[in-house]
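Engineer: In the working numbering, the protein residues as written are 62 to 587. Even for Gly, the Cβ is constructed at its ideal location relative to N, Cα and C.
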């Protein structure tokens, strides 16, 4: 009922438990995770479900985090939470007071109006919400703290830039998982998670939060940094301010964000894998290997481009993305594609092929995120995505760590870049496995290993070109626990120095800090 009312189809929900002992009864909790759960911030911590629930503990419904191995768990952080959970006597499913993709309601009157279709009752309060803050989401990966959503308790604690700025700067941030950053001297005040800037309500929340930050930190922007995408609401807002501007390519911002967190000012290899980012050529990038410093970059390699039949529709339907990918690579007739094609609607295959061939609403993309979607559909894991990243998340959850061997990408010379990462041999091998009846957990693990291996191989080639050993690993695709761990270990074993985020999320929430770092670096070069 809760999912239906909030229109939150399939997306994981968090669970509040009364104590650490109750968390341990439901999930595996190590010392670092326990410290996060019980620490002063009290974030949502992503924990692995226990294979067997402890005796006497309530079982977690599968619908809380469908088809996933991790579940978000939190402890009470207000006296009101304590009263509620003690009265209930069982863990509580927690979610923010809003419809999906809309801002949180901030007052009793707004809650009664906007939440009436969702809730059975409203517990009012005499303290209004002056600034919207979601619960922060964190996890521990190979002993490292990793932020998934930086909000309550962590923002707006400032991050230090490598050098002080002589101007107050606004970094407007990206379109999805938006944050903004305000710079004064060598401090960047990165906002809490704002959300996807896809409607007027969220843009209004963005503007009101920005006005609050400007007032609190006494910052009056004199320069604004923004994404290159001309249709992003954040870009249009930035350009409409009438201030001097600095355009920053999306994946350069990702890499610069990592470099700035590590105070690294020299050149490095930047590997930015995500779902989408506007390239300097006007195309959709997302599988990028850059030679970069804080001020500038050059594109060294990228994933081979394939069409997205239907554009954004291919993001929502991984099966559609898989058809476009296999058609571009000449693999649609492979016997291993038959199960995927059999699941398509009548006439869907012919329509998608015509769209791709004629270039009708079928933009080319080098996105690694879309490749994960394609493999999820080919392996039979997910044909339609109910929320952003669902196919890739479930592909990771399905992976069998005990599976043997791996697929392998080809690294081939590119027309506009020294190298192109070609997925054709990977997908052909995956289709061979599907045709032989190999199960999806094995296909998934072999694919994950192939991507991690490609990361190391292309990084070695790029490091030679850059005369640098540092490799910045970033982008939302690397929120994948298997891929990040394998890539970081492989890079270190190859004699390189992998760098990744220390306090910011791997996803687009880090872009604003990267934009700020690039803007500061470019001003220093003037």
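Compare the C-alpha of residue 455 against each of 127, 220 and 429 and name the closest.
Structural biologist: Closest by alpha carbon: 127.
Engineer: Buried or exposed for residue 218, going by 16 or more other Cβ atoms inside 10 Å?
Structural biologist: So residue 218 counts as exposed.
Engineer: Using DSSP's beta-bridge definition, name the partner residues of residue 239.
Structural biologist: Residue 239 is bridged to 256.
Engineer: Counting pairs of beta carbons, one from the stretch 377-388 and one from the stretch 404-421, are three or more of them closer than 8 Å?
Structural biologist: yes
Engineer: Nearest by alpha-carbon distance to residue 236: which of 180, 243, 299 and 420 is it?
Structural biologist: 299
Engineer: Helix, strand or coil: which one does DSSP assign to residue 75?
Structural biologist: strand
Engineer: Based on Cα-Cα distance, which residue from 317, 434 and 196 lies nearest to residue 573?
Structural biologist: 317
Engineer: Pick out whichever of 493, 75, 565 and 260 has its Cα sitting closest to the Cα of residue 124.
Structural biologist: 75
Engineer: Helix, strand or coil for residue 149? Go by DSSP, reduced to three states.
Structural biologist: helix
Engineer: When DSSP labels each residue in this structure, what does residue 499 get in the three-state scheme?
Structural biologist: coil
Engineer: Can you tell me whether residue 120 is helix, strand or coil according to DSSP?
Structural biologist: coil
Engineer: Closest to residue 151 by CA distance: which of 136, 233, 165 and 481 is it?
Structural biologist: 136
Engineer: Restricting to Cα atoms, I'd like to know which of 335, 334 and 320 is closest to residue 328.
Structural biologist: 320
Engineer: Please report how far the alpha carbon of residue 114 lies from the alpha carbon of residue 288, in whole angstroms.
Structural biologist: 46 Å
Engineer: Return helix, strand or coil for residue 278, following the three-state DSSP convention.
Structural biologist: In the structure shown, residue 278 sits in a helix (DSSP, three-state: H, G or I).
Engineer: From this set, 379, 449, 105 and 82, which residue's C-alpha is nearest residue 157's C-alpha?
Structural biologist: 105
Engineer: Quick check: what's the CA-CA separation for residue 164 versus residue 213?
Structural biologist: Rounded to the nearest angstrom, the two C-alpha atoms are 15 Å apart.
Engineer: Helix, strand or coil: which one does DSSP assign to residue 336?
Structural biologist: strand
Engineer: Could you check how far apart the C-beta atoms of residue 508 and residue 436 are, in whole angstroms? I think they sit under 8 Å.
Structural biologist: 5 Å
Engineer: Out of 80, 183, 111 and 198, state which residue places its alpha-carbon closest to the alpha-carbon of residue 102.
Structural biologist: 198
Engineer: Thinking residue 322 and residue 564 are a contact (beta carbons under 8 Å), I'd like their distance in whole angstroms, please.
Structural biologist: 7 Å
Engineer: Is residue 563 near the ligand MG, in the sense that its beta carbon is under 8 Å from a heavy atom of that ligand?
Structural biologist: As presented, the structure is devoid of all ligands, the ligand MG included, so that no description of it is given.
Engineer: Return the residue from the list 262, 421, 490 and 65 that minimises the CA-CA distance to residue 395.
Structural biologist: 490
Engineer: Should residue 174 be labelled buried (16 or more other beta-carbon atoms within 10 Å of its own) or exposed?
Structural biologist: exposed
Engineer: Could you give the first and the last residue of the continuous alpha helix (DSSP H) run that contains residue 575?
Structural biologist: 572-586
Engineer: Closer than 8 Å by C-beta to residue 671: which residues in its own chain qualify, once you throw out the five before and the five after it? Chain order, please.
Structural biologist: Past the boundaries of the shown model lies residue 671; the chain is included only from 62 to 587, so the question cannot be answered.
Engineer: Find the nearest neighbour of residue 419 within the set 430, 266 and 389, judged by alpha-carbon distance.
Structural biologist: Of the candidates 430, 266 and 389, the residue whose Cα lies closest to the Cα of residue 419 is 389.
Engineer: Going by other Cβ atoms of all chains shown within 10 Å of its Cβ, with 16 needed for buried, is residue 347 buried or exposed?
Structural biologist: buried
Engineer: Please report how far the alpha carbon of residue 243 lies from the alpha carbon of residue 93, in whole angstroms.
Structural biologist: 31 Å
Engineer: Quick one: residues in its chain with C-beta nearer than 6 Å to the C-beta of residue 203, no 5 flanking neighbours on either side, listed in chain order?
Structural biologist: The answer, listed in chain order, is 546.
Engineer: Considering only C-alpha positions, which residue in the set 570, 184 and 399 is nearest to residue 209?
Structural biologist: 570
Engineer: Note down, one range per segment and in chain order, each beta strand (DSSP E) of at least 3 residues found wholly within the stretch 365-430.
Structural biologist: List check, beta strand (DSSP E) in window: nothing returned.
Engineer: Pull the bridge partners of residue 346 from the DSSP assignment, please.
Structural biologist: Looking at the DSSP assignment, residue 346 forms a beta bridge with 338.
Engineer: Using a threshold of 9 Å, state whether the C-beta atoms of residue 480 and residue 487 are closer than that.
Structural biologist: no
Engineer: Taking residue 147 as the reference, which of 503, 78 and 172 has the closest Cα?
Structural biologist: Its Cα nearest to that of residue 147, the residue 78 stands out among 503, 78 and 172.
Engineer: Could you tell me the distance, in whole angstroms, from the CA atom of residue 580 to the CA atom of residue 403?
Structural biologist: 50 Å
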